[in-house]
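There are 2 protein chains.
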Amino acid sequence: MGNVDYAYSCSGMNVESAPRVAVPPPQPFFKSLKYSLKETFFPDDPLRRFKNQPASKKLVLGLQYFFPIFEWAPQYTLQFLKSDLIAGITIASLAIPQGISYAKLANLPPILGLYSSFIPPLIYAMMGSSRDLAVGTVAVGSLLMGSMLGSEVNPNQNPTLYLHLAFTATFFAGVLQASLGLFRLGFIVDFLSHATIVGFMGGAATVVCLQQLKAILGLEHFTHAADLISVLRSVFTQIHEWRWESAVLGVCFIFFLLVTRFFSKRQPRFFWVSAMAPLTSVILGSLLVYSTHAEKHGVQVIGELKKGLNPASLTDLVFVSPYMTTAIKTGLVVGIIALAEGIAVGRSFAMFKNYHIDGNKEMIAIGTMNIVGSFTSCYLTTGPFSRSAVNYNAGCKTAVSNIVMSIAVMVTLLCLTPLFHYTPLVVLSAIIVSAMLGLIDYEAAIHLWKIDKFDFVVCMSAYFGVVFGSVEIGLVIAVALSLLRILLFIARPRTFVLGNIPNSVIYRNVEQYPNANHVPGILILEIDAPIYFANASYLRERISRWIDEEEDRIKAAGETSLQYVIMDMTAVGNIDTSGISMLEEVKKTADRRGLQLVLVNPGSEVMKKLNKSKFHVDIGQKFIYLTVAEAVGACNFMMNSCKPSQRKDEPEGWNNV
Amino acid sequence: MGNVDYAYSCSGMNVESAPRVAVPPPQPFFKSLKYSLKETFFPDDPLRRFKNQPASKKLVLGLQYFFPIFEWAPQYTLQFLKSDLIAGITIASLAIPQGISYAKLANLPPILGLYSSFIPPLIYAMMGSSRDLAVGTVAVGSLLMGSMLGSEVNPNQNPTLYLHLAFTATFFAGVLQASLGLFRLGFIVDFLSHATIVGFMGGAATVVCLQQLKAILGLEHFTHAADLISVLRSVFTQIHEWRWESAVLGVCFIFFLLVTRFFSKRQPRFFWVSAMAPLTSVILGSLLVYSTHAEKHGVQVIGELKKGLNPASLTDLVFVSPYMTTAIKTGLVVGIIALAEGIAVGRSFAMFKNYHIDGNKEMIAIGTMNIVGSFTSCYLTTGPFSRSAVNYNAGCKTAVSNIVMSIAVMVTLLCLTPLFHYTPLVVLSAIIVSAMLGLIDYEAAIHLWKIDKFDFVVCMSAYFGVVFGSVEIGLVIAVALSLLRILLFIARPRTFVLGNIPNSVIYRNVEQYPNANHVPGILILEIDAPIYFANASYLRERISRWIDEEEDRIKAAGETSLQYVIMDMTAVGNIDTSGISMLEEVKKTADRRGLQLVLVNPGSEVMKKLNKSKFHVDIGQKFIYLTVAEAVGACNFMMNSCKPSQRKDEPEGWNNV
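Read top to bottom, the protein sequences are chains A and B. Following the UniProt record's numbering, the numbering of the first sequence begins with 1 at its first residue and continues without gaps. Following the UniProt record's numbering, the numbering of the second sequence begins with 1 at its first residue and continues without gaps.
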């Protein structure tokens, strides 16, 4: 196999029949810059469809790009409407109690939860490209907003300022989201890895559940801190104030909600059982309180909700420091988190149904919906997983299900709010707890442990950071660890010794293929990462250690002494000036030890830079080969037919200066 | 070529004779953790020599590890002493004027420059492993210390506090340096890339030169800011105060120093001409002032220098906030910068002479020398490039040259300080300017531009950041850009289409090898980076874009329709859980479009994780090949002999839901 029949000569090593390693055709600087920028910011090539179209068509396409409703509305059928109607009513029944609950979580008036399920879904229906995303407030975002704003302004002492700050934070979150999309910086969201999100969500869910102990135990006073230790201390220092009525009610409803969820999971046909369960709980709880007057016996209720649609809140936005900085900081953090959830949810369902979602377009949609929301008394909304999953299971076909939900919420706002007067807070807490328990994805954590230990560490640090520190601490630790991993990959790339796989011309890592054989007199190394400033020193040391170790091994085994070091550059994606200096140093060291350095298959970027630097001349085109097999063939040929070159190696000892 | 004679069957594709892609032998978790930790923190394997040695020998080796003097002193010869004596006296003649000048740069009493050339070189001579490093204060470090401390405490109004803060900052710099070495975190220094250092040094040199305008023009008042605009404004708003005597003297000395340097560069034998020039200038300048009483005509002089050796300063260290935080911050920044210079200089000369320097050991030496220095009235020292180069050219053999310099400085301190009374400041400025001009390495910047545009951008941002902003700003920008580059490499990896190189079984990037041919019905992709959370979404989009583009191309050319997508994983160094999810999604999408996904040559890390996840089962061992050639062979075989599989692809349009 591998009939390599080159014609070598000792001096020049003419390799006539072998294909040479090509230097890629030179490209003008601006062309390659343009290419890089395009790959960085327009990897999905959104302008492709606009090419070669008349101006009027371009206008229509542009309109359709920003408002996908113009794309699908003309093809909308009655059948779709039927499906969307069912899905919309189902998610509305979930949205109303969840909205009220989550608003409490953010320390905002409960009615804001309903407002936020009215306007934003309408905006999203016009601008969003997902067919399955159901818009609404999210638990983690609400908690985060509550804890970040609450650390600056007390929501009980200064409710108006707090409310206005919430609108302002929502506004800045929207601005951030929309501008990330407009400037095509959506990839920033990718730096929140799956492991980070699993740990972070689990931690946030734990914290949210802990917060519910207040309502479930009917406590009047509670800590403002969200970490485990403060909450447990707050709970157990006031055992005498626990209200058993409230606790019994809470446990019953949690049990009811979990049973319905379990049932629906087993029997996907009955998805509506778990979808309707929260509303059922609210109705049952309210009836119970109304009939028993339990509100006078320690069961707290929502109380009066104002009738009517969203009031305008444009003039409520706060642009005065020092509160503005708080609002901006909160907006940026919750904006990113909400975006990550919305995009991930949209993508998952798009994958199930095999259609495409443009992340940057989604960001513009979610951002606009939050900006408009902040003008109309809504707070942070995105596409929560739970609601979108119900929407998907209910058979939604298009974003019309969001419009249906919005109309249902509107009707509620106009006529039905008085019905929530007697809704006990403990039921809302039960709804939150049961939703949160689903977010603690321990199976995913086990999966991470099995496949990738580092991802598990990231996940756990996010979890414990959130639970014992705060939501921000957990997030910062997890993101920092994830970035550290990338930097470590570059700073400490793996290097391998390659060996020949018997009866082939294939050379592979001897650790992975224990049957691969060392080639006598030749050390074949593979580097597994780009050679950058961050790893140049390491690689220099590691390569010389490989050579040392190989020479030790050879001495011990009494084999042919080392004459060639072949570096397989296939996996070296790029190189910078520090990397080239490193190669030059390795070459010098090798020369001094009487070894010949040979490169194999440098990629186009590497070849381009080698060609521009003098290294290409130094090593000579004749010591750069296309495959390891060729390089080994040529080295063997030279070792056998030429007189071995005089070894110039000197021991490294101090006394040889 | 490549007589691939496998036995395929349509159902099972038994490939009997071909070597399979191996899953590396399983390793216990702690073993692989130990291996990773070792590669991260002990890449140079410093414990290797301790293996299999008796305890007494281990003790000696350990002592020699921390005090290399015990290693080389026994072999020291008279001949070495002769060389070291010459080198030591040469560098002392440079050290004395430079020391005084740089101390002025840090707004410290000039005598500190002499103190700092007495104790630290002695410590380094015992602990350092470089034979060429000459220890002393550095311009950039002095400037940085002056500007960072000066922004908190005015050195003129509160000289004692300022002095004590300088000792404290030196102490913390030493602690940082030594602990980086002890905890084997030396690789942090590697994150200052060559490009960063070139730009940063150039910028700092420019700023330092600008600062000298004060002394050269004989100005009394001067801005405390270091940026170009403030300095120029300060200079040109007081033109009436310029002193021509001072300016003439300054220009003459700069000219003299530059001419001697130019001469020595041309004639390396006369290295001592440029080495002696600063001392000569000091003597000439002092004589001139003494004889003409120019100090009474606007030429500022050093004035009195206290006789005697370093006083103890251990009790002067400030551990009281708020000044301590300033000292810590300053210490960390100047410590890192000084370390980077010292290590880089040590490494360069070690490379010239072919001996090895252990970075972490050097850090411990430099750190200890600064800690001890801070106890004995010294400020920040390291191995400056200029002084070390003179040392090297003067033919030093060991660190004994540092001891010689130290003794010469001691003699100066004990007896000769009165001689410096009339030394004009303008001469010191001339010495600084001529040293700094050598640091503005525009040739290196041009080299960067030619080879790597991004490195050039990093270099220029460091330069302009330092010149127009501040030293810290320049540094932060350059480091951030360098890190961004690494992150971008991972976030936007290159993907290539591979083609067959005619008359071979080699498959290479069609852009680099324009003669490589597309294989009909098969798309071969290569990914050039590890698949991590940061690029998983991008790769998913990019791969589906490659498939779209290939299908468009095929349609236009009327070729065989696409049936296989081969992904060459050779260059994929690692994969995380997000990466595996991405592969699963790509597999699903491919299935849905009627394409078969085939993997080629996953490395050991990737194979391990594929094996642990269910993807390995999903795709089936039979669709993972060792080489692209084998994969193409198998695909061709199946395309020709089996009935083509029914294509299940559905158009992606909205109306197919």
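Cβ coordinates follow ideal geometry from the N, Cα and C atoms, glycine included.
How long is the line joining the alpha carbons of Thr376/A and Ser313/A, rounded to whole angstroms? For the purposes of this step, residue 376/A is identified with residue 376 of the first sequence, where counting begins at 1. For the purposes of this step, residue 313/A is identified with residue 313 of the first sequence, where counting begins at 1. So the alpha carbons of these two residues sit roughly 5 Å apart.
Taking only the alpha-carbon atoms, compute the straight-line gap between Ser406/B and Ser117/B and give it to the nearest angstrom. To locate residue 406/B, count along the second sequence from 1; it is residue 406. To locate residue 117/B, count along the second sequence from 1; it is residue 117. Cα to Cα, Ser406/B sits roughly 6 Å from Ser117/B.
What residue does the beta strand (DSSP E) around Tyr507/B start on, and which one ends it? For the purposes of this step, residue 507/B is taken as the residue at position 507 of the second sequence. Unbroken beta strand (DSSP E) run through Tyr507/B: 507 to 509.
When you check each C-beta in the stretch 439 to 463 of chain A against every C-beta of chain B, which residues fall closer than 8 Å? His447, Leu448, Lys450, Ile451, Asp452, Lys453, Phe454, Asp455
Collapsed DSSP secondary structure at Gly136/B in the structure displayed: Translated into positions along the second sequence, residue 136/B becomes position 136. Of the three classes helix, strand and coil, the one that applies to Gly136/B here is strand, per DSSP.
Grab me the residues of Ile328/B's own chain with a C-beta within less than 7 Å of its C-beta, minus the 5 sequence neighbours each way, in chain order. The residue given as residue 328/B occupies position 328 in the second sequence. Cβ within range, chain order: Phe172.
For Thr570/B and Leu61/A, I'd like the C-alpha separation in whole angstroms. For the purposes of this step, residue 570/B is taken as the residue at position 570 of the second sequence. For the purposes of this step, residue 61/A is taken as the residue at position 61 of the first sequence. Their Cα atoms are separated by approximately 41 Å.
Using Cβ-Cβ distances below 8 Å, what residues of the stretch 602 to 613 of chain B are close to chain A? Gly603, Ser604, Glu605, Met607, Lys609, Lys612, Ser613
State the start and end residues of the unbroken alpha helix (DSSP H) segment that holds Val519/A. On the first sequence, position 519 is the one that residue 519/A refers to. Looking at the DSSP string, Val519/A is not in any alpha helix (DSSP H), and its letter there is neither H nor E.
Taking the alpha-carbon of Leu122/A as reference, which of Gly136/A, Glu295/A, Leu610/A has the nearest alpha-carbon? As a position in the first sequence, residue 122/A is number 122, starting the count at 1. Considering only alpha carbons, the answer is Gly136/A.
Please confirm if Asp45/A has its CB atom under 8 Å from at least one CB of chain B. Within the first sequence, numbered from 1, the residue matching residue 45/A stands at position 45. Chain B, which has a Cβ nearer than 8 Å to the Cβ of Asp45/A, makes this yes.
Stretch-stretch touch, CB-based, cutoff 8 Å, three pairs: the stretch 139 to 146 of chain B with the stretch 356 to 375 of chain B: no
I need the DSSP call for Phe319/B, collapsed to helix, strand or coil. Along the second sequence, read from residue 1 onward, the residue named residue 319/B stands at position 319. Residue state, collapsed to three classes: coil.
Run down chain B in chain order and give the residues with a C-beta less than 8 Å from the C-beta of Ala195/A. Residue numbering aside, residue 195/A sits at position 195 when the first sequence is read from its first letter. Simply Phe533, Asp576, Thr577, Ser578.
Whose CA, out of Leu487/B, Leu488/B, Pro493/B, Pro514/B, lies closest to the CA of Gly499/B? Sequence index remark: in the second sequence, residue 499/B carries index 499 (1-based). It is Pro514/B whose Cα lies nearest to the Cα of Gly499/B.
Whose Cβ in chain B lies nearer than 9 Å to the Cβ of Met126/A? Sequence index remark: in the first sequence, residue 126/A carries index 126 (1-based). Here the premise fails: no neighbours, minimum Cβ distance about 15 Å.
Between Ser401/B and chain A, is any beta-carbon pair separated by less than 8 Å? By one-based count along the second sequence, residue 401/B stands at place 401. Judged by the 8 Å Cβ criterion, Ser401/B is not in contact with chain A.
Go through the stretch 354 to 415 of chain A residue by residue and report every complete run of the alpha helix (DSSP H) that reaches 4 residues or more, in order. 359 to 375, 385 to 393, 400 to 411
Identify whether Leu213/A lies in helix, strand or coil by the three-state DSSP scheme. Sequence index remark: in the first sequence, residue 213/A carries index 213 (1-based). Here Leu213/A sits in helix by DSSP.
Please report the straight-line C-alpha distance between Lys648/A and Leu47/B, rounded to a whole angstrom. Mapped onto the first sequence, residue 648/A falls at position 648. Mapped onto the second sequence, residue 47/B falls at position 47. A caution first: Lys648/A carries a pLDDT of 41, below 50, which makes its placement in the model unreliable, though a value can still be read off. Their Cα atoms are separated by approximately 28 Å.
Using a Cβ-Cβ cut-off of less than 9 Å, list which residues of the stretch 477 to 494 of chain A approach chain B; keep chain order. Ser482, Leu483, Arg485, Ile486, Leu487, Leu488, Phe489, Ile490, Ala491, Arg492, Pro493, Arg494
Count the CB pairs spanning the stretch 209 to 227 of chain B and the stretch 183 to 197 of chain B that are closer than 8 Å, and state whether there are at least three. no
Nearest to Tyr124/A by alpha carbon, out of Ile619/A, Gly342/A, Pro502/A? Here residue 124/A refers to the residue found at position 124 of the first sequence. Residue Gly342/A is the option with its Cα nearest to Tyr124/A.
Applying a beta-carbon distance threshold of less than 7 Å, which residues of chain A neighbour Asn640/B? Within the second sequence, numbered from 1, the residue matching residue 640/B stands at position 640. None at all; the shortest Cβ gap to chain A is about 22 Å.
Within 8 Å of any Cβ in chain B, is that where the Cβ of Met351/A sits? If you number the first sequence from 1, residue 351/A lands on position 351. Yes, Met351/A counts as interfacial toward chain B.
With a threshold of 8 Å between beta carbons, is Tyr625/A in contact with chain B? Residue 625/A sits at position 625 when you count from the first residue of the first sequence. Chain B, which has no Cβ nearer than 8 Å to the Cβ of Tyr625/A, makes this no.
With distances taken from CA atoms, which of Thr206/A, Cys209/A, Leu257/A, His297/A is nearest Glu245/A? As a first step, residue 245/A must be located in the first sequence, where it is residue number 245. Of the listed residues, the one whose Cα sits closest to Glu245/A is His297/A.
Report yes if the C-beta distance between Gly573/A and Phe489/B is below 8 Å; otherwise report no. Translated into the one-based positions of the first sequence, residue 573/A becomes position 573. Translated into the one-based positions of the second sequence, residue 489/B becomes position 489. Yes. Within cutoff.
To the nearest angstrom, how far is the alpha carbon of Met127/A from that of Ile69/A? Here residue 127/A refers to the residue found at position 127 when the first sequence is read from its first residue. Here residue 69/A refers to the residue found at position 69 when the first sequence is read from its first residue. So the alpha carbons of these two residues sit roughly 7 Å apart.
Residue range of the alpha helix (DSSP H) that Asp452/B falls in? Residue 452/B sits at position 452 when you count from the first residue of the second sequence. Per DSSP, Asp452/B belongs to no alpha helix (DSSP H) and is neither H nor E.
Along the stretch 123 to 150 of chain B, what residues have a CB closer than 9 Å to any CB found in chain A? Arg131
Are any of the Cβ atoms in chain B nearer than 8 Å to that of Gly594/A? Numbered from 1 along the first sequence, position 594 holds the residue referred to as residue 594/A. So, not an interface residue.
First through last residue of the alpha helix (DSSP H) which encompasses Asp568/A: Indexing the first sequence from 1 puts residue 568/A at position 568. Unbroken run through Asp568/A is the beta strand (DSSP E), 564 to 568; no alpha helix (DSSP H).
So with CB distances below 7 Å, who are the chain A contacts of Phe187/B? Position 187 of the second sequence holds residue 187/B. The contacting residues are Ala491, Tyr538.
Distance between beta carbons of Ala394/A and Ile96/A, contact taken as under 8 Å: Translated into positions along the first sequence, residue 96/A becomes position 96. Translated into positions along the first sequence, residue 394/A becomes position 394. About 16 Å separates the two Cβ atoms, so there is no contact after all.
Does Gln512/B get closer than 8 Å to chain A when you measure Cβ to Cβ? Here the question's residue 512/B lines up with position 512 in the second sequence. Output row for Gln512/B: interface = yes.
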